[in-house]
Each structure stands twice: as C-alpha cells, then as structure tokens.
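Chemist:
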Amino acid sequence: KQNMKTARRHLKVAVAALMLLIAGTNMPCDGQDAGGNWNPDRGTHYVNPVIYADYSDPDVCRVGEDYYMTSSSFCAFPGLQILHSTDLVNWELVGAALRDYPGPDWSDERPWEVLGHGLRGDSSPVPGAQEWRSVPQHGNGVWAPSIRYHDGEFYIFCGDPDRGIFMVKTSDPRGDWEAPVWLLKAKGFIDPCPLWDEDGKAWLSFGCAGSRAGHKSVLFVAPMSADGTSLLAPGRIVFDGHRTQPTVEGTKFYSFRGYYYIFAPAGGVSTGWQLVLRADNPYGPYAERIVMAQGSTRVNGPHQGAWVDTPSGEHWFLHFQDKDAYGRVVHLQPMTWTEEDWPVIGIDRDGDGVGEPVQEYRKPDLKGSGCFQPATGDDFRALDLGLQWQWQGVPSPYWSFVGPGAADGESGRSALKLYSVEQSESWRNLSDSPNLLLQKFPSESFTVTAKLSFVPNPQLAPGSEDAGFVVFGLDYFALKVLGTPDGAVLQAVECRDAMEGGEENLLASVGLETVLGSRSYGNTDFYVRVKVEPRERPGDVPDAVCRFEYGTDGLDWFPLPDGGYRFTARPGKWTGAKFGFFCNRHVSKNDGGWLRVDWVTVKSDC
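Just add 54 to wherever you are in the sequence shown, counting from 1, and you've got our numbering.
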C-alpha cells in the first residue's frame, strides 16, 4: 500500500511537470498550436483571426522590420499592453505602457478648461486617483489608442472619455514609459491619432463619445506641438457623419501620395464598416468612401484598426471583430490601392471598391521570427507577473508575491501568492474588487487548469476571507474556497448582472476534507479546471459555454454536486470575458491570509 501511495505521488509530480512542459512548448507553424494557444500560422499562409483574444481597437506601427501593437485596456492594469511581431501573423507580448493611472491636474469643479474647447458632456464628477484605486472603473479609462514612431521615440496617444486625451512615450517599447502628459482636459474626447507631416507640422485627429459629450458622429483635427505635448489651437470639426456615416469614431490619421487620409470605423462596434476620408488639407473638406464591410462573410463589424506597409511595398490592415464573450479579436487583411488613390481592404469580389474580410490568405512578404502567440499559462518563475495578467484596477504592491520563495515552506520554489485584500464597505460582489487578477480568453475552445492552496488567517472568524478561480464578465461564475468550523469548503457561486450590483447565488458546496481525508481550517491544496467551448447561436458569433470541475490530486476530476454546472460567459464592459483569481477579506484586520497559485496551464482545443 505504501508503495502504491509513493508511486501515485510520483505520478502526480510527473503529470504536473508534463502540463507545464506542454504549456511552454511551441509547435511547428504548420500545426494548430503555439505554446498551447490558437495559432494562425500555416506556413505559407495564415488564417484569421491572427490573435484570437481581446485586443480591442488595435493600432500598429512599423519601425524597420519590427511591428508594435497596442490596444484599449479600459480599467485593466498594466494598461496599454505592447505586442511585437516581424511578420504580422505571430505576435508576442513584450511590455505595457501604463503601470499607474494618475489623474490630470484639474479639479472636479472645473473639468472643462481646455484651450477654448466648449464641448460639454454630463456633469458627473471626474474620477479621482483615489476612486480609481478603490473601485474598478468598468468600461472607463483607456480607450482606442494609437501608436507611432517619430524622431527616435515611440508615442502612444489615448483617449479617456471622462478626462480627455493623453500621451505617453519611450525610446524602448519593451521598457518603461514616461508618465502621461495630458494634452486635452475635458470629458467626451476620444480616439486620438497624431500625424507628423512632411513639412514638419504636427496634427492630432480625434472623435467624441456621445455618452459623455451628448454628441457623436463628428471628427476633429487640431494642430499639435512637434513634441506631442500640447495642442496649439482648439480642435475643429472636419467631418460630420450623422447622415451617411453614423457613429463615426476611432480616427487614424495618415498622409500618403499628397493626400491626407483619416481611417475611421462607422456604423457601430458589432455591425459597422471601415470608412476612409481623403482631403488635400488636414482641415478638409473630406471626401468619403467605405472600403471594407462584412459582405457575404461571417466577420461582423470589420473595422477600427491600423494600416501598415512592409519594406517590400505591400500594404496590410489589422482590425477587430467583436465576438461577444470572446472579445474583440484581431484580423489581418490585405490592402490594395485603386488608380484613383483609394484603398481597398480585404478582397473586392464584385468590383465595387468595397472589400470583404478574408478568412485565409498568403502571409505577408516578411521574415518571421518564430511561431508564437501572446502568453497564457504560467509557472510563476519570474520575479514579476507575466504580461498576460492584468489587475481589475490600479494595483498595490501589497497584493501579491511572485517568483522563487512564494511557495510556502519550500525555499526557492516558485509560485504566485495573492494576499487577501480588504474590500470596501460598499462591496457587492467581485466586480467591486480591484484585486481580481485576470487574463483574456485565448481562443474559442480551450481548457484552463490550475493548482491552488488557500491559507486563511486563523485569527479571523471562519468565512471572513475567501479565494478562488473565476470566469468574469457582466455575469460571473466562481469556484470559491473558504474556511469554516467544519473545515475547508469549496463553493460554486454565480452572479448575474454583477456590475449592476447583482448578488452572488450559491449553487453548490462540497467539503474538501471529505475527499482529502483530513480536516483543517485552511492550508488546503486543490485543483480547478474549466473547459470553454463554443455553442452556435443565431448570427455569426457563438456562445462561450464553460464547464467547471475540481480535484484534489491533479489526476481525478469531479463535477460539483448535481452533475456540475454549465455557465454561459458574457463579455465585460467593452471587453471580452476573462478568467483568473481572487483573494478577498471582508473584515478589517492588519493582516490576512493568502491564495497560492502553483501553476496555470492553458491549452487551446481548436
């Protein structure tokens, strides 16, 4: 019997090691797998999406043979994640531009002082720095950035619908970025893009959010200082799309062949198209043309993205498709030019000048540097959290300990330790916890597995702390463990309309000691697993159906009582659904317990 126990223990270790090996292995580019993720690379061609994850409102710039992407990050931090590619198909997370979110230096009473701009929105207070740290700002914050390289430096311009337009810059996109500079302090302005013209002048295009400004479907252009730190005059409306291009936004500003071009999406996030405006002067007047639409394809709302070229002279366009719980996934389209100097994005099947998205196409004429996708799984061996992880709010250094030494009682062994964070008195559910540690869904069909251990503070009353694993969005489902007088208990909870204050509903609970063979208040090792699979529904976007299981040895898996639960994930506020971990304290105390995460594997099944 003792030999069988020893053999079983050795088998557990071997299985865990194999799972980590699988999570860190890159398969050949003619396969379906890159590090356990979705892989669009098929050798000589690619399939869309090139990134099957929620990198909303992507923008890209080229510097020599390197391409750098950023995207909207809303209230998630680190924000403005930076991705790198050499072939526009394989993308790697390499950095983040925002580690903190300081507020602009104006008071809540006077949020409209900005170079004569008079556009007003609602009168709600501008969120201050303290509010950002105490309550997650779902759907607010970092909207639709643009990234550019100019005069030896990388610039990102970004809109905050409640605060205005800011800029961050660096000489190394993989390193630290400078603190934000606020060019425009006012509610309602969004989606900025700089243009450094050939004559040395600099310009900024932007739009406005109807939810804040009380007005939408118009685009602005303003002159800008050459260093990108200030506007030289108020913005001027250069295009009104109310009659022909409703909800026009998301500007990208270019000059090419003697013309000024503004690429802008119109028609709405999930139902719209890609518009291009053209003029002889930055202030217009602008002619308009739709250059890509869904057409006969299943790619709904194809728009909002980046035009890039290659050293050999090819032109490409990256954009998103809104796939509901799966987020706004990134597609790559070929782009050509007509004799009249208008772009056509995708394939123009009927010759009307409007392209349709491609599902599969030859790869760009570029030299690749490997077969990979943004990281997902983690063994927590690094001294910092992996770039795939984002907090739900501005993080505190007190929230986590990662790397060698974080595994209790095992000197030097790596793990992630999440300390319990005291929640505010107004806390309603996990949507109010800024210390949720989450990452994006990585494909349509995937499995997440993690080994956890919960150690509550024995000085606190049982149930005062809880921790676990969650699939999070407008609704969420969590496997939550807490200490009770009868031992550790694993609960399945569901919360509908979480961001509207919905209450958690206890669906099932199981005493972990009944399967562990011992009773303890805490210090309980357990495993969680969720399998996410698409389920067809009317329209072009499937549901994301999640099935949760738990285990105590990493080998045998159990559904929750009554056969387990299937949860249909919902997107977040302007984001896709996410998965991750939490560790909360619901009483005031100068110390707390923790959740230890030994490892996480993510395996795509498609």
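Beta carbons: idealized from backbone N, C-alpha and C, even for Gly.
If you pair each beta-carbon of the segment 115 to 125 with each one of the segment 329 to 339, do three or more pairs fall below 8 Å?
Modeler: Taking 8 Å as the limit for Cβ pairs, the verdict is that the segment 329 to 339 does not touch the segment 115 to 125.
Chemist: Kindly identify the DSSP beta-bridge partner or partners of E476.
Modeler: For E476, which the question treats as bridged, DSSP gives the partners R639.
Chemist: What do you get for Y380, buried or exposed, if any count of 16 or more other CB atoms within 10 angstroms of its CB means buried?
Modeler: Label assigned to Y380: buried.
Chemist: Does DSSP classify W648 as helix, strand or coil?
Modeler: Three-state result, W648: strand.
Chemist: Please go through the same chain and pick out, in chain order, the residues whose beta-carbon is closer than 6 Å to the beta-carbon of S507, but skip the five residues on each side of it.
Modeler: The answer, listed in chain order, is D579 and R650.
Chemist: Report the partner residues of F455 according to the DSSP bridge assignment.
Modeler: DSSP lists K471 as partners of F455.
Chemist: Please give the ranges of any beta strand (DSSP E) in the segment 267 to 315, keeping only runs that are unbroken, at least 3 residues long and fully inside the region.
Modeler: Listed in chain order, the complete beta strand (DSSP E) runs (minimum 3 residues) inside the segment 267 to 315 are 272 to 278, 290 to 294 and 306 to 310.
Chemist: Hey, G634 and L492 are a contact pair by Cβ (cut 8 Å); roughly how many whole angstroms apart?
Modeler: The Cβ separation is near 4 Å, so the contact holds.
Chemist: Check each candidate in V222, E207, K223 and C262 and name the one with the smallest Cα separation from D216.
Modeler: Of the listed residues, the one whose Cα sits closest to D216 is C262.
Chemist: Thinking F636 and A521 are a contact (beta carbons under 8 Å), I'd like their distance in whole angstroms, please.
Modeler: F636 to A521, Cβ: 6 Å. Contact.
Chemist: What residue from K306, P418, K534 and D395 has the CA that sits closest to L249's CA?
Modeler: For L249, the nearest C-alpha among the options comes from K306.
Chemist: To the nearest angstrom, report how far apart K59 and T655 are at their CA atoms.
Modeler: Because K59 carries a pLDDT of 44, less than 50, the predicted location of this residue cannot be relied on, and no value is offered for it.
Chemist: Which residue from T325, Y313, Q477 and A542 puts its Cα closest to that of A341?
Modeler: Among T325, Y313, Q477 and A542, the Cα nearest to that of A341 belongs to Y313.
Chemist: Per DSSP, which one or two residues make a beta bridge with S139?
Modeler: DSSP lists Y121 as partners of S139.
Chemist: Taking Cβ to Cβ, would you say A631 is nearer than 8 Å to V524?
Modeler: Their beta carbons are not under 8 Å apart, which means A631 does not touch V524 by this criterion.
Chemist: Just tell me which of P539, R382 and W186 has its CA closest to the CA of G626.
Modeler: Per the Cα distances, R382.
Chemist: Is the beta carbon of V196 less than 8 Å from the beta carbon of S127?
Modeler: Contact flag set, yes.
Chemist: Run the CB neighbour count on I291, radius 10 Å, all protein chains shown included, and call it buried at 16 or more, exposed below.
Modeler: It is exposed - the Cβ of I291 has fewer than 16 other Cβ atoms within 10 Å.
Chemist: Starting from S188, trace the alpha helix (DSSP H) both ways and give me its first and last residue.
Modeler: Note, S188: alpha helix (DSSP H), A183 to S188.
Chemist: Taking the alpha-carbon of G218 as reference, which of Y203, S225 and K241 has the nearest alpha-carbon?
Modeler: Ranking the options by Cα distance to G218, first place goes to K241.
Chemist: Using the rule of at least 16 other Cβ atoms within 10 Å of the residue's Cβ for burial, across every protein chain shown, is E410 buried or exposed?
Modeler: The residue in question, E410, is buried, as its Cβ has 16 or more Cβ neighbours within 10 Å.
Chemist: What is the residue span of the beta strand (DSSP E) that M221 lies within?
Modeler: First-last of the beta strand (DSSP E) with M221: G218 to T224.
Chemist: Rounded to a whole number of angstroms, what is the C-alpha to C-alpha distance between P181 and G157?
Modeler: For P181 and G157, the distance between alpha carbons rounds to 8 Å.
Chemist: Excluding the five sequence neighbours on either side, which residues of its own chain have a C-beta within less than 8 Å of the C-beta of L173, listed in chain order?
Modeler: The predicted position of L173 is uncertain, since its pLDDT is 39 and thus under 50; no value can be drawn from it.
Chemist: Should Y452 go down as buried or exposed, given a rule of 16 or more other Cβ atoms within 10 Å for buried?
Modeler: Classification for Y452: exposed.
Chemist: Identify the residues that DSSP records as bridge partners of Q493: which are they?
Modeler: BP columns for Q493 point to F633.
Chemist: Mind checking who Y209 pairs with in its DSSP beta bridge?
Modeler: R202 and K223, per the DSSP bridge assignment.
Chemist: What are the boundary residues of the beta strand (DSSP E) that includes I244?
Modeler: Where I244 is concerned, the enclosing beta strand (DSSP E) stretches over F243 to W250.
Chemist: Taking all protein chains shown into account, decide if T325 is buried (16 or more other Cβ within 10 angstroms of its Cβ) or exposed.
Modeler: With fewer than 16 Cβ atoms within 10 Å of its Cβ, T325 is classed as exposed.
Chemist: Please go through the segment 326 to 402 and give each complete beta strand (DSSP E) segment of 3 or more residues, from N-terminal end onward.
Modeler: For the segment 326 to 402, whole beta strand (DSSP E) runs of length 3 or above, ordered along the chain, are 327 to 333, 341 to 346, 357 to 363, 369 to 376, 382 to 391 and 397 to 399.
Chemist: For S642, I'd like the list of residues in its chain whose CB is within less than 8 Å of its CB, leaving aside the five on either flank, ordered along the chain.
Modeler: Only E476 meet the Cβ criterion.
Chemist: Would you call the CB atoms of F434 and W653 closer than 8 Å?
Modeler: It is a contact, given that the beta carbons lie within the stated cut-off.
Chemist: Report the option in R591, R624, W628 and V582 whose CA atom is closest to the CA atom of W611.
Modeler: Selected option, being the one with the closest Cα: V582.
Chemist: What is the DSSP secondary structure of D551, counted as helix, strand or coil?
Modeler: In the structure shown, D551 sits in coil (DSSP, three-state: anything other than H, G, I, E or B).
Chemist: Check whether the Cβ atoms of G407 and R187 sit closer than 8 Å, and answer yes or no.
Modeler: Result no, Cβ atoms of G407 and R187 do not sit closer than 8 Å.
Chemist: Should the segment 591 to 607 be regarded as contacting the segment 349 to 365, the criterion being three or more beta carbon pairs within less than 8 Å?
Modeler: Yes: the two stretches touch, three or more of their Cβ pairs being nearer than 8 Å.
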